[in-house]
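Q: First residue of the sequence shown: 5, per the numbering used here; consecutive thereafter.
Positions of the beta carbon are idealized from the N, C-alpha and C atoms, including for glycine.
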Amino acid sequence: MPELLDQLTVDELAAAIDAGDDLTVVDTRPPESFDAWHVPGAVNVPYHPVEGLGNGIDWDDVAEIVEGRSVAVICGKGLSSTSFGFELSTRGFDVQVVKGGMEDWSKLYDVVEVETDGDLYLAQIQRRAKGCLGYVVGDREAGEALVVDATRQHHEFELVAADNGMVITGVLDTHVHADHVSGGRALAERLSVPYYLSADADERGVAYDYEPLADGEALSVGDVDAEVLAAPGHTTELVNLLVDDTYLLSADTLFVESVGRTELEFGEEGAEHGARLLYETIHDRYDPLGDDVVVLPGHVSVDADGRFGVGGPGELIAATLGDLRSELDLFALDEAAFVERLTGEGTEKPPNYETVIDVNRGTAELDENEATEVELGPNNCAA
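1. Flag this pair as touching only if the segment 246–254 and the segment 330–337 have three or more C-beta atom pairs under 8 Å; answer yes or no.
2. Does DSSP put P6 in a helix, in a strand, or in coil?
3. Cutting at 6 Å between CB atoms, please list the residues of its own chain near E377, excluding the five before and the five after it.
4. Report buried or exposed for W41, applying the criterion of at least 16 other Cβ atoms within 10 angstroms of its Cβ.
5. Check whether the segment 88–101 and the segment 63–74 touch, using three or more Cβ-Cβ pairs below 8 Å as the test.
6. Sorted by chain position, which residues of the same chain lie with C-beta nearer than 6 Å to D371's C-beta, five sequence neighbours on each side aside?
7. Sort L233, E117, A149 by Cα distance to G169 and report the nearest one.
8. Quick check: is the beta carbon of S224 nearer than 7 Å to any beta carbon in chain C?
9. Helix or strand or just coil, what does DSSP make of T367?
10. Taking the continuous alpha helix (DSSP H) assigned at P35, which residues delimit it?
11. Are the Cβ atoms of V164 and A192 separated by less than 7 Å?
12. Count the other CB atoms, across all protein chains shown, that sit within 10 Å of the CB of H179; report buried if there are 16 or more and exposed otherwise.
13. For A386, which of L346, V363, N373, E379 has the nearest alpha-carbon?
14. Using the beta-carbon count (16 or more within 10 Å), is Y139 buried or exposed?
15. Which residues share a DSSP beta bridge with G1?
16. Give the DSSP bridge partners of A127, in chain order.
17. Based on the DSSP output, what are the partners of A222 in its beta bridges?
18. For a minimum of 4 consecutive residues, which ranges assigned as the alpha helix (DSSP H) are wholly contained in the segment 40–83?
19. Could you tell me the distance, in whole angstroms, from the CA atom of S196 to the CA atom of G264?
20. Tell me whether L8 is buried or exposed, calling it buried when 16 or more other Cβ atoms sit within 10 Å of its Cβ.
21. My output table needs one value for Y200: the three-state DSSP class, helix, strand or coil.
22. Comparing alpha-carbon positions, which option in S330, S262, L201 lies nearest G294?
23. Under a Cβ-count criterion, where at least 16 other Cβ atoms within 10 Å of its own Cβ denotes burial, should L137 be classed as buried or exposed?
24. If I follow the unbroken beta strand (DSSP E) through R297, where does it start and stop?
25. What do you get for T367, buried or exposed, if any count of 16 or more other CB atoms within 10 angstroms of its CB means buried?
26. Are the beta-carbon atoms belonging to N59 and P50 less than 7 Å from one another?
27. Buried or exposed, going by whether 16 or more other CB atoms sit within 10 Å of the CB of D108?
28. Quick check: what's the CA-CA separation for E207 versus G45?
29. Going by DSSP, what residues sit across from F312 in a beta bridge?
30. Secondary structure at A23, three-state DSSP: helix, strand or coil?
31. Starting from V102, trace the beta strand (DSSP E) both ways and give me its first and last residue.
32. Between which two residues does the beta strand (DSSP E) containing S254 stretch?
33. On the DSSP letters alone, give me the boundaries of the beta strand (DSSP E) that T376 sits inside.
34. Go ahead and label D121 buried or exposed: buried means 16 or more other beta carbons lie within 10 angstroms of its beta carbon, across all protein chains shown.
35. Whole angstroms are fine: how far does the CA of A375 sit from the CA of M5?
36. Give me the Cβ distance between Y251 and V298, rounded to the nearest whole Å; I'm assuming they're in contact under 8 Å.
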């Protein structure tokens, strides 16, 4: 048995997948874990360090699956995949083990800068495995930045601001998230800057202090203006941010491919109420906004195969409001049909969403390992 196996970081794995390298990604987790969520293009070969191959697979099957290509082996945390990698190596396969496994994959980020005019800086921070989209809004000349919807790995947002010569002067969460543990409050506390939530967040039972933002309030970053727009529907307190009258950070109100689901806060019995609020938001509240406004959503759907529903990692996830009004069929529905669509049979809820909501309300706490566990899997916030 070889003493060492080459390791592959998740960044290197992502680069190889994006480049279309001739690489077979083998996932050794149990089938139910693999089916729920995996790296794009991966194949499942269940393996246990003691019990060996599972699911009726033998080593001849493995050789047929690999077909002489290089192999990257991944599991939950890099444990069973290492044992499997040793077995492959002794059989003469060119194999690398993905360091940190799916746990590290869930923390992989891409940064996409938006083309803007003047001193406005705007970047979309994509959490690849979950499809979470956060933002850094800044004024290059003033050297100031606002972070919007930071995820738990908030250092990723700090690095973007620092790399572009800006200091973070405020942090905003657009709402109490249900699919991931927010890093907004922790980032604001670490930097001793204001942490913003909607003034309506008291209706959610938020248990910590925050700077309340009212509908129509101006939130300035240097000379860059951002208007707060109340946009209830997905949640009671959700706000959007209209930056420079041009860019709408639409959070979980409006996605490029759908709208936000309404039962995560309101429950199945209150989903209709949420749907009516959401209908009013995307029609009445958005009505004054021009068709050329660029919609920058809070999520992009990620399927079980790890692929974006729209675009791809490293590509800007955005659309003009005009295009969405004409192409997204939900816009064409009247209120009754819209409510019926949103309250019908929907996608599976985000895993552990009730726990995640409690953590983000400040009524529950998780350690690092627990937070990682409750976040595993893609987001499911779209209707």
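A: For this structure:
1. Contact annotation: the segment 246–254 does not touch the segment 330–337, with fewer than three C-beta pairs closer than 8 Å.
2. Within the sequence shown, the letter at position 2 stands for residue 6. Because the pLDDT at P6 is just 48, under 50, the model does not fix this residue reliably, and the value given afterwards should be weighed accordingly. It is coil, neither helix nor strand.
3. As a first step, residue 377 is located in the sequence shown; it is residue number 373 there, counting from the start. Nothing meets the Cβ criterion.
4. In the sequence shown, counting from the first residue as 1, residue 41 sits at position 37. Burial of W41 is indicated by the presence of at least 16 other C-beta atoms within 10 angstroms of its C-beta.
5. Yes, they touch.
6. Sequence index remark: in the sequence shown, residue 371 carries index 367 (1-based). Result list for D371: empty, nothing under 6 Å.
7. Position 165 of the sequence shown, counted from the start, is the residue given in the question as residue 169. When each option's Cα is compared against that of G169, the closest is A149.
8. Absent here is chain C; the protein component of the structure consists of one chain.
9. By one-based count along the sequence shown, residue 367 stands at place 363. In the structure shown, T367 adopts coil according to DSSP, grouped into three states.
10. Start at 1 with the first residue of the sequence shown, and residue 35 comes out as number 31. From DSSP, the alpha helix (DSSP H) with P35 extends over 35–40.
11. On the sequence shown, position 160 is the one that residue 164 refers to. On the sequence shown, position 188 is the one that residue 192 refers to. Against a cut-off of 7 Å, the Cβ pair of A192 and V164 comes out as no contact.
12. For the purposes of this step, residue 179 is taken as residue 175 along the sequence shown, with counting starting at 1. Here H179 is buried. Its C-beta has 16 or more other C-beta atoms within 10 Å.
13. Mapped onto the sequence shown, residue 386 falls at position 382. The shortest Cα separation from A386 among L346, V363, N373, E379 belongs to L346.
14. The residue you call residue 139 lines up with position 135 of the sequence shown. By the 10 Å Cβ count, Y139 comes out buried.
15. For residue 1 there is no data in the structure shown, the boundaries of the chain being 5 and 387.
16. Your numbering for residue 127 matches position 123 in the sequence shown. Paired residue(s): E117, V140.
17. On the sequence shown, position 218 is the one that residue 222 refers to. Beta-bridge pairing by DSSP links A222 to E231.
18. Listed in chain order, they are 63–70.
19. Counting from one through the sequence shown, the residue named residue 196 turns up at place 192. Counting from one through the sequence shown, the residue named residue 264 turns up at place 260. About 32 Å.
20. One-based indexing of the sequence shown puts residue 8 at position 4. Flag for L8 reads exposed.
21. If you number the sequence shown from 1, residue 200 lands on position 196. It is a strand residue.
22. Residue numbering aside, residue 294 sits at position 290 when the sequence shown is read from its first letter. Measuring from the Cα of G294, the nearest candidate turns out to be S330.
23. Position 133 of the sequence shown, counted from the first residue, corresponds to residue 137. With 16 or more Cβ atoms within 10 Å of its Cβ, L137 is classed as buried.
24. Within the sequence shown, the letter at position 293 stands for residue 297. Here residue 297 is Val; the residue named in the question, Arg, does not match the sequence. From DSSP, V297 is part of no beta strand (DSSP E); its letter is neither H nor E.
25. What you label residue 367 is simply residue 363 of the sequence shown in a count that begins at 1. With fewer than 16 other Cβ atoms from the protein chains shown falling within 10 Å of its own Cβ, T367 counts as exposed.
26. Translated into the one-based positions of the sequence shown, residue 59 becomes position 55. Translated into the one-based positions of the sequence shown, residue 50 becomes position 46. Their beta carbons are under 7 Å apart, which means N59 touches P50 by this criterion.
27. The residue given as residue 108 occupies position 104 in the sequence shown. It is buried - the Cβ of D108 has at least 16 other Cβ atoms within 10 Å.
28. Counting from 1 along the sequence shown, the entry for residue 207 is found at position 203. Counting from 1 along the sequence shown, the entry for residue 45 is found at position 41. Going by the C-alpha atoms only, they are around 43 Å apart.
29. Sequence index remark: in the sequence shown, residue 312 carries index 308 (1-based). DSSP, once it has assigned bridges, lists V306 as partnering F312.
30. Against the sequence shown, residue 23 aligns to sequence position 19. In the structure shown, A23 adopts helical secondary structure according to DSSP, grouped into three states.
31. Here residue 102 corresponds to residue number 98 of the sequence shown, with the count starting at 1. Boundaries of the beta strand (DSSP E) harbouring V102: 99–102, taken from the DSSP string.
32. As a position in the sequence shown, residue 254 is number 250, starting the count at 1. Per DSSP, the unbroken beta strand (DSSP E) holding S254 starts and ends at 251–255.
33. Reading the sequence shown from its first residue, position 372 is the one you call residue 376. No beta strand (DSSP E) holds T376; the alpha helix (DSSP H) holding it covers 372–379.
34. What you label residue 121 is simply residue 117 of the sequence shown in a count that begins at 1. With fewer than 16 other Cβ atoms inside 10 Å of its own Cβ, D121 counts as exposed.
35. Position 1 of the sequence shown, counting from 1, holds the residue named residue 5. Position 371 of the sequence shown, counting from 1, holds the residue named residue 375. Note that M5 scores 42 on pLDDT, short of 50, meaning its location in the model is unreliable; the coordinates nonetheless yield the value given after this. For the pair M5 and A375, the Cα-to-Cα distance works out to about 36 Å.
36. As a first step, residue 251 must be located in the sequence shown, where it is residue number 247. As a first step, residue 298 must be located in the sequence shown, where it is residue number 294. Yes, Y251 and V298 are in contact; Cβ-Cβ is about 5 Å, under 8 Å.
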